[in-house]
Amino acid sequence: MIPFSILDLSPINEGSDAAQSFRHTLDLARHGERWGYQRFWLAEHHGMPGIASAATAVLIGHVAGGTSTIRVGAGGIMLPNHSPLVIAEQFGTLESLFPGRIDLGLGRAPGSDQLTARALRRNLAADADQFPQDVVELMDYFSAEQRHAVRAVPGAGLNVPIWILGSSLFGAQLAAALGLPYAFASHFAPTQMMQAIALYRATFRPSVHLEKPYVMLGYNVFAADTEEEAQFLATSMQQAFVSLRSGHPTRLLPPMADYLNRIGPQERALLDQVLSCAAIGSRDTVRRILKVFIEQTGADELMITSQIFDHSARLRSYEITADLREALG
Numbered sequence: 001m002i003p004f005s006i007l008d009l010s011p012i013n014e015g016s017d018a019a020q021s022f023r024h025t026l027d028l029a030r031h032g033e034r035w036g037y038q039r040f041w042l043a044e045h046h047g048m049p050g051i052a053s054a055a056t057a058v059l060i061g062h063v064a065g066g067t068s069t070i071r072v073g074a075g076g077i078m079l080p081n082h083s084p085l086v087i088a089e090q091f092g093t094l095e096s097l098f099p100g101r102i103d104l105g106l107g108r109a110p111g112s113d114q115l116t117a118r119a120l121r122r123n124l125a126a127d128a129d130q131f132p133q134d135v136v137e138l139m140d141y142f143s144a145e146q147r148h149a150v151r152a153v154p155g156a157g158l159n160v161p162i163w164i165l166g167s168s169l170f171g172a173q174l175a176a177a178l179g180l181p182y183a184f185a186s187h188f189a190p191t192q193m194m195q196a197i198a199l200y201r202a203t204f205r206p207s208v209h210l211e212k213p214y215v216m217l218g219y220n221v222f223a224a225d226t227e228e229e230a231q232f233l234a235t236s237m238q239q240a241f242v243s244l245r246s247g248h249p250t251r252l253l254p255p256m257a258d259y260l261n262r263i264g265p266q267e268r269a270l271l272d273q274v275l276s277c278a279a280i281g282s283r284d285t286v287r288r289i290l291k292v293f294i295e296q297t298g299a300d301e302l303m304i305t306s307q308i309f310d311h312s313a314r315l316r317s318y319e320i321t322a323d324l325r326e327a328l329g
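In structure tokens:
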């Protein structure tokens, strides 16, 4: 049975605030744990009015402290924003507090606009091209036989699983070369998904971390008791994508009736591309679409994201999806 996991951005709804988002995030994690989801990941974004998960390690601690069995992690930490030593200490702390439950996914994008990225820079020479070296340095801090003179305390000798995140071929190559699991951001950048999966699997080198390739794919699911309700609920995410790509990110807006017929062809083309990795509909529709996707990609795990404005409807979407896992094999 393929594992399902949850990706949460701790969305801030229009008319709400970050405090309410954090309450919803913990509630979703607790439900996800009961429904059998394997992981609950939070993503680092900055300067986004609709995303509250900027201090990702802090929020991971909040979620892990409020749950008991589900793995909790970063999907991901944008490493160019941070010193590898700081991340080793943060996640060494989390692993020490919640042993055997912490994951560390790493990405090389800033998770923000360029102005915010400059304000975040860890030093004047910070460069995303250093990402492979930073990953290796970070891995060394967790090693029991590290090469660096500086030690991560806590961190050294702890087993914190590291994942490489990506939306292009770069991450696939790096994950394969280092023998690490690979998570592809197909939920918002699906264009190179099949190429990246093929490249990762073809060039994977077994390591002490992983014997064979392991691919997790991001996937949007908007499940409801009727087709009409699911299509309606999905319009909040659709509005968010259009606003973001237009350079005007907003808080997560309420769903809008007939939204797709209100936008122009350029916006519709954008959504058609993004929604190529999405299942929107009733239980049977979502099951059919997910089955085709899993067979097409051979995914080892799906990371489900569901940006729904109403919290109870969001929980219902994840509940329906969890119920489908056994039927999908």
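Residue numbers for the sequence shown follow the numbering used here, so the first one is 1 and each next one is one higher. Don't be surprised by glycine CBs; every beta carbon is placed ideally from N, CA and C.
Same chain, Cβ closer than 7 Å to residue 259, neighbours up to 5 away in sequence not counted: 235, 238 and 239
Taking all protein chains shown into account, decide if residue 159 is buried (16 or more other Cβ within 10 angstroms of its Cβ) or exposed. exposed
Could you compute how far the alpha carbon of residue 264 sits from the alpha carbon of residue 242? 11 Å
Mapping DSSP to helix, strand and coil, what is residue 72? strand
Quick one: Cα of residue 279 to Cα of residue 215, how far? 19 Å
Compare the beta carbon distance of residue 233 and residue 255 with 7 Å and say whether it is the shorter of the two. yes
Does the structure place the stretch 185-192 close enough to the stretch 142-160 that three or more beta carbon pairs sit under 8 Å? no
Hey, does residue 222 have any beta-carbon neighbour from chain C nearer than 7 Å? Protein chains in the displayed structure number just one, and chain C is not present.
Fully enclosed by the stretch 135-200, which alpha helix (DSSP H) runs are 4 residues long or longer? 169-178
Note down, in chain order, each residue of its chain lying with its Cβ closer than 7 Å to the Cβ of residue 147, except the 5 sequence neighbours on either side. 140
In whole angstroms, what separates the C-alpha of residue 193 from that of residue 15? 36 Å
When burial is assigned at 16 or more other CB atoms within 10 Å of the CB, is residue 206 buried or exposed? exposed
Same chain only: Cβ atoms within 8 Å of residue 287, ignoring 5 sequence neighbours per side: 324, 327 and 328
Would you say the beta carbon of residue 278 is closer than 6 Å to some non-hydrogen atom of the ligand FMN? What this structure holds is no ligand at all, so the ligand FMN is not there to describe.
Residue 221 lies in the beta strand (DSSP E); which residues open and close that run? 215-223
Beta-bridge partners of residue 102, as assigned by DSSP: 72
With residue 7 and residue 54 assumed to form a contact (beta carbons below 8 Å), what rounded beta-carbon distance in angstroms separates them? That belief does not hold up - the Cβ atoms of residue 7 and residue 54 are roughly 16 Å apart, past 8 Å.
Pull the bridge partners of residue 301 from the DSSP assignment, please. 216
Look up residue 41 in the DSSP assignment and give the residues it is bridged to. 7 and 73
Cα-Cα separation between residue 31 and residue 39, rounded to whole angstroms: 12 Å
Local conformation of residue 48 per DSSP, three classes: coil
Buried or exposed (CB count within 10 angstroms, at least 16 for buried), residue 203: exposed
How big is the Cα-Cα spacing for residue 1 and residue 291? 12 Å
Whether residue 221 touches residue 276 by CB criterion (7 Å): no
Nearest residue (CA-CA) to residue 3, options 137, 217 and 24: 217
Candidates 12, 262 and 245: which alpha carbon is nearest residue 273's? 245
Tell me which residue opens and which closes the alpha helix (DSSP H) that residue 60 is part of. 56-65
Quick one: grab the DSSP three-state call for residue 1. coil
Name the one or two DSSP bridge partners that residue 281 has. 223
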